[in-house]
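So the sequences go chain by chain: E and C. Just so you know, the numbering used here puts the end of the first sequence at 142, numbered straight through with nothing missing. Just so you know, the numbering used here puts the end of the second sequence at 1142, numbered straight through with nothing missing. Every residue gets a Cβ at the ideal spot worked out from N, C-alpha and C, and that includes glycine. The structure presented is a predicted model; accordingly, all values stated were derived computationally and were not measured.
There are 2 protein chains.
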Amino acid sequence: MPSVESILRQLKDKGYRRTPQRERIVEILWESDEPLTARTLHEKVKAVFPHVSLDTVYRNLELLREAGLVSQINLQSRESARFELQKEGEHHHHLVCLGCGDAICLPACPVDLDQLCAQHADEFTVTNHAFELYGYCKDCRN
Amino acid sequence: MPSVESILRQLKDKGYRRTPQRERIVEILWESDEPLTARTLHEKVKAVFPHVSLDTVYRNLELLREAGLVSQINLQSRESARFELQKEGEHHHHLVCLGCGDAICLPACPVDLDQLCAQHADEFTVTNHAFELYGYCKDCRN
DNA sequence: ATCGTTAATAAGAATATACCTATTTATGGC
DNA sequence: GCCATAAATAGGTATATTCTTATTAACGAT
């Protein structure tokens, strides 16, 4: 099972340092039961580090995303993207409601990545991908 | 074959109005042989409408995207997303180079949308989706 | 053609995100 | 534990994107 510790260890293995702010950011994401906006995350970090800059939050989210440890939800409408931990390397995708903004997790990745990589291997080295469904939930269907 | 006219007609059918600025934006996208950033598009529109606001460009891109007539490239790294016309309703996706930012079109959509829609039909009405591959092209592989 | 309604626009303000630089600090080697 | 090095940070600044409001103009109905 993944934990804050294992995540920080993974970062370390990739050459990143373990800073208190970064640690706190991961903890907050870990403890949250819903995806958070950068803004909300910043507010929560400030409870412990009053002087933490918003840029630090953005930098760490980007870093965690590059490391494959955090996924970003709501790619299209760029209104306040939200972030969540990518638990156990098991990458997944989301169904995002265009009404209320809620997201639900999709159980499986609908893309055969290996095949796609192979298809373009000569001209491209594929490293990752993004996929999202958009629509309206029960409450917002009207 | 799609044309600027047919695109504007489609917009009209959806209740949008035909304004000179909007017309010019579609024309420019139509004539461009590569996807454009909002900024670049704005510059080009200004050649005819010196006072056009950047907001008008953003609004129209969003409107065209919602209408399914324009697709946005580079969803992840929000550094300078680029836009292109979605020709003939034939939606497609992109492989984006994280080095130089170049994008190549993927021939087919790897997602069985009908199946996914059906899978979630009771709780969600799926309207559209986003998919992108990321990686490095030949020149940027180093 | 004119009128009334309402979407679209321009301009400026507000917000979100990215960049820059000097300073701090984590970390590996001694 | 101490030092040197380079990454990370805070704070300020620049840029990108969205929002607000008053005004303009497209379009259907007359």
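Just the Cα atoms here: how many angstroms apart are residue i and residue j?
i, j, result
"C:V1057", "C:A1047", "14 Å"
"E:Q76", "E:F49", "32 Å"
"E:V70", "E:E84", "6 Å"
"E:H51", "E:I25", "14 Å"
"E:H129", "C:L1098", "11 Å"
"E:G135", "C:L1008", "25 Å"
"E:K44", "C:A1067", "38 Å"
"C:I1028", "C:S1053", "16 Å"
"E:Q115", "C:Q1119", "24 Å"
"C:E1023", "C:T1037", "17 Å"
"C:C1117", "C:Q1021", "36 Å"
"C:W1030", "E:T125", "30 Å"
"E:L41", "E:N60", "11 Å"
"E:P107", "E:T127", "21 Å"
"C:P1110", "C:Y1016", "32 Å"
"E:N74", "E:V96", "7 Å"
Just list the residues that DSSP pairs residue i with in beta bridges.
i, result
"C:N1128", "E:Y134"
"C:E975", "There is no way to answer for residue 975 of chain C, as the model of chain C reaches only from 1001 to 1142."
"E:T37", "E:R82"
State buried or exposed for residue i, treating a residue as buried only when at least 16 other CB atoms are found within 10 Å of its CB.
i, result
"C:A1103", "buried"
"C:H1092", "exposed"
"E:R141", "exposed"
"E:Q72", "buried"
"E:C137", "buried"
"E:P35", "buried"
"E:R18", "exposed"
"E:E123", "exposed"
Using a Cβ-Cβ cut-off of 8 Å, state whether residue i counts as contacting chain E.
i, result
"C:T1125", "yes"
"C:P1035", "no"
"C:Q1076", "yes"
"C:C1100", "no"
"C:V1111", "yes"
"C:L1054", "no"
"C:H1120", "yes"
"C:K1044", "no"
Go ahead and pull the three-state DSSP assignment for residue i.
i, result
"C:R1018", "coil"
"C:H1094", "strand"
"C:V1057", "helix"
"E:L75", "coil"
"C:C1105", "strand"
"E:R141", "coil"
"C:E1123", "coil"
"E:C100", "coil"
"E:S6", "helix"
For residue i, decide whether its Cβ has a neighbour in chain C, counting only Cβ atoms nearer than 8 Å.
i, result
"E:E27", "no"
"E:A103", "no"
"E:G135", "yes"
"E:L85", "no"
"E:N128", "yes"
"E:R141", "yes"
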